[in-house]
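S.K.: In my numbering, the protein residues as written are 72 to 681.
Where is the CB? At the ideal position from N, CA and C, for every residue including glycine.
Here it is, the structure in full.
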Ligand code: ADP
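See below:
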């Protein structure tokens with residue numbers, strides 16, 4: 072017995088190997104005794120042999136049960152995009168089952184370099200710098216052969232005889248399974264134990280092979296998903312930029328603003344160092360805006376080639392893009408970069424930005440042309456009105472002389488004619504002065520000279536103009552002005568003009584014997600302002616007309632309106648005058664019931680120095 076125990080020396084510390092060694096040695100002992108053993112010893116040996124065999128089977132069963140469970144788990148990774156968690160779990164489990172010391176998931180990056188994507192240690196301790204050392208020759212071989220590879224002891228494995236890293240890092244048991252999807256290597260799962268040899272079996276290798284297949288396919292899906300997500304978020308980012316850019320460039324139609332804004336957006340989109348935008352004028356390209364270090368004038372041939380061919384010129388450090396509207400060049404975008412090269416992956420986006428800039432440039436140009444034309448028209452109207460005033464004053468002067476009987480008494484019919492001339496010239500005078508006002512407003516030449524004045528004084532002046540006509544129509548007029556109203560801060564002539572317009576409208580659009588009520592007070596809800604309401608019991612204004620009343624030349628379609636003299640300029644001028652004073656104007660009206668026009672004028676505040 073003692074002899075036997077002495078002979079049964081177990082070198083290995085691994086249970087699996089311990090059992091194997093034990094089994095062989097028992098077997099050898101039995102054979103060496105060669106039937107000479109006592110029946111008692113033979114029975115002992117036999118039963119030990121059986122025990123060892125049973126233990127081996129149980130161990131194997133336990134391990135294969137664990138492995139098949141693992142395999143089932145690994146299969147589920149293909150369905151889930153949570154591949155990381157699953158791979159990590161499988162790696163940890165394999166480490167536990169196989170007594171590996173550490174595990175790594177190494178992925179090939181775009182440059183075909185291996186990057187550690189995931190790691191794990193049997194001890195649960197942190198992965199140290201030293202732990203990152205793996206055998207590149209083993210990984211390379213596994214990838215090249217496209218099959219899992221094990222070595223029970225790399226130190227003596229003839230396949231890796233010349234690998235310095237194996238010796239240097241003291242590698243022994245290694246299991247390396249390549250991740251290959253549709254022939255494309257993606258990386259490896261690498262498990263090893265530096266201290267112990269022979270911890271991996273062929274069974275482990277087969278299991279890791281099956282697992283690696285699942286993992287590779289899951290990884291591929293995850294990468295695809297990531298790529299789609301990236302592409303999607305890149306698109307969303309680009310669309311957001313385009314949207315913001317359109318909003319920004321549309322906030323102003325002012326030509327220079329649009330040009331400067333466009334260059335800034337283009338530089339940002341192309342990640343350029345400098346940029347310039349040129350518009351096509353009759354005399355050639357006009358560089359409307361520049362930003363950063365850029366000198367497009369020094370590069371005329373590239374620019375004219377781009378315009379002539381209508382094709383973008385895309386180089387590593389220079390981009391010249393035509394700005395096209397319906398295939399017609401309206402300008403050119405010149406972008407440069409210095410230290411780096413343009414990212415050609417983004418070129419599609421840059422071209423879309425250029426398209427949007429072309430629209431903005433075109434709009435700004437059209438607007439500018441329109442503004443110029445409008446200005447010319449306003450100046451013409453102003454000139455003509457001015458020229459009309461002199462003959463009109465003269466006609467009215469002669470009519471007044473005739474009417475005064477200085478040059479002989481008029482017959483009844485003649486007097487009627489003269490009075491018709493006077494009425495019509497007065498109407499023309501209003502029209503001409505309205506035209507002059509509106510053109511002054513449009514060209515920004517109308518000025519007001521506000522000062523502290525009594526509101527009632529302006530109202531008296533307005534009444535002088537329209538009072539008589541109100542009386543003629545036998546309309547009932549009421550005036551309600553607050554006592555002790557503070558002075559208004561207004562231009563007296565212009566406030567009179569506002570009141571005259573509103574009162575004459577109330578008079579015009581209210582039938583005979585209707586009522587007109589003027590109220591002036593200090594509204595509690597709007598401190599600092601005098602409010603005036605001119606209410607009438609006239610024809611009223613439909614909601615549709617109310618929305619457009621204050622635009623120039625607008626008159627309601629109503630025949631009751633059209634039979635009254637008018638140009639549709641009064642309210643447009645009135646609104647401008649009120650707003651120039653810092654006040655506001657609005658209307659409340661119901662068709663057939665009457666209208667009330669409200670407006671506010673600031674009060675004069677002595678402390679504020681006005
Ligand atoms: P005009 O009186 O010369 O037509 P305005 O600019 O003063 O021009 O007024 C524009 C239009 O607003 C009028 O043509 C009329 O349709 C409507 N309107 C203005 N005031 C009144 C009012 N008090 N009652 C009804 N309609 C009015």
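Which whole-angstrom value is the C-beta distance of residue 270 and residue 244, which I expect to be below 8 Å?
M.R.: Correct: roughly 4 Å between the Cβ atoms.
S.K.: Tell me which same chain residues have a C-beta within less than 8 Å of the C-beta of residue 694, skipping the five on either side of it?
M.R.: No answer is possible for residue 694: the residues shown for the chain start at 72 and end at 681.
S.K.: Taking the beta carbon of residue 234 as the centre, do at least 16 other beta carbons fall within 10 Å, making it buried, or is it exposed?
M.R.: Result: buried.
S.K.: Kindly indicate which residue of 327, 158, 211 and 659 has the alpha-carbon position closest to the one of residue 613.
M.R.: Closest option to residue 613, Cα to Cα, is 659.
S.K.: What's the gap between the Cα of residue 396 and the Cα of residue 427?
M.R.: Answer to the nearest angstrom: the Cα atoms are 10 Å apart.
S.K.: Using 8 Å as the threshold, is the C-beta distance between residue 365 and residue 349 below it?
M.R.: In this structure, residue 349 does not lie closer than 8 Å to residue 365 by Cβ.
S.K.: Grab me the residues of residue 76's own chain with a C-beta within less than 7 Å of its C-beta, minus the 5 sequence neighbours each way, in chain order.
M.R.: Model confidence at residue 76 stands at a pLDDT of 44, short of 50, so the residue's coordinates are unreliable; what they give is reported in the following sentence. Answer for residue 76: no residue qualifies.
S.K.: Looking at the secondary structure, which residues open and close the alpha helix (DSSP H) in which residue 657 lies?
M.R.: Segment 656-661 is the beta strand (DSSP E) holding residue 657; no alpha helix (DSSP H) there.
S.K.: Counting by C-beta, which residues lie closer than 5 Å to a heavy atom of ligand 1, in chain order?
M.R.: For ligand 1, the selected residues are 576, 577, 580, 609, 612, 620, 626, 627, 632, 637, 638, 639, 641, 642 and 666.
S.K.: On the three-state DSSP scale, how would you describe residue 420?
M.R.: Looking at residue 420 - three-state DSSP - the assignment turns out to be helix.
S.K.: Round the Cβ separation of residue 607 and residue 665 to the nearest angstrom and send it over; I've been treating them as touching at under 8 Å.
M.R.: Yes, residue 607 and residue 665 are in contact; Cβ-Cβ is about 5 Å, under 8 Å.
S.K.: Count the other CB atoms within 10 Å of the CB of residue 387; is the residue buried (16 or more) or exposed (fewer)?
M.R.: Burial call: exposed.
S.K.: Going by the DSSP bridge assignment, what does residue 362 pair with across the sheet?
M.R.: Bridge partners of residue 362: 346.
S.K.: If you compare alpha carbons, which of 402, 287, 294 and 314 is closest to residue 330?
M.R.: Minimum Cα distance to residue 330 is reached at 402.
S.K.: Provide the residue(s) that pair with residue 600 in DSSP beta bridges, ordered along the chain.
M.R.: In DSSP, residue 600 forms a bridge with 673.
S.K.: Could you spell out where the beta strand (DSSP E) holding residue 560 opens and where it closes?
M.R.: Where residue 560 is concerned, the enclosing beta strand (DSSP E) stretches over 559-561.
S.K.: Using a Cβ-Cβ cutoff of less than 6 Å, which residues in the same chain neighbour residue 205 once the five nearest sequence positions on both sides are dropped?
M.R.: Contacts found: 261.
S.K.: Using the beta-carbon count (16 or more within 10 Å), is residue 529 buried or exposed?
M.R.: Looking at its Cβ environment, which holds 16 or more other Cβ atoms inside 10 Å, residue 529 is buried.
S.K.: May I ask which residues mark the beginning and end of the alpha helix (DSSP H) holding residue 536?
M.R.: Note, residue 536: alpha helix (DSSP H), 526-543.
S.K.: Which residue or residues does DSSP assign as beta-bridge partners of residue 356?
M.R.: Paired residue(s): 351.
S.K.: Would you kindly work out how many angstroms separate the C-alpha atoms of residue 265 and residue 208, rounded to a whole number?
M.R.: C-alpha separation (whole angstroms): 16 Å.
S.K.: Exposed or buried, residue 546, counting other C-beta atoms within 10 Å across all chains shown (16 or more means buried)?
M.R.: Answer is buried; the Cβ neighbour count reaches 16.
S.K.: Pairs of beta-carbons, one from the segment 190-200 and one from the segment 166-174, closer than 8 Å: are there three or more?
M.R.: These segments touch.
S.K.: Please confirm whether residue 15 and residue 455 have their CB atoms less than 8 Å apart.
M.R.: A query on residue 15 cannot be resolved here, the shown segment of the chain reaching from 72 to 681 and no further.
S.K.: Please report the residue range of the beta strand (DSSP E) in which residue 592 lies.
M.R.: 586-592 is the extent of the beta strand (DSSP E) around residue 592.
S.K.: Three or more C-beta pairs under 8 Å: does that hold for the segment 590-605 against the segment 617-631?
M.R.: The answer is no - the segment 617-631 does not touch the segment 590-605, with fewer than three Cβ pairs under 8 Å.
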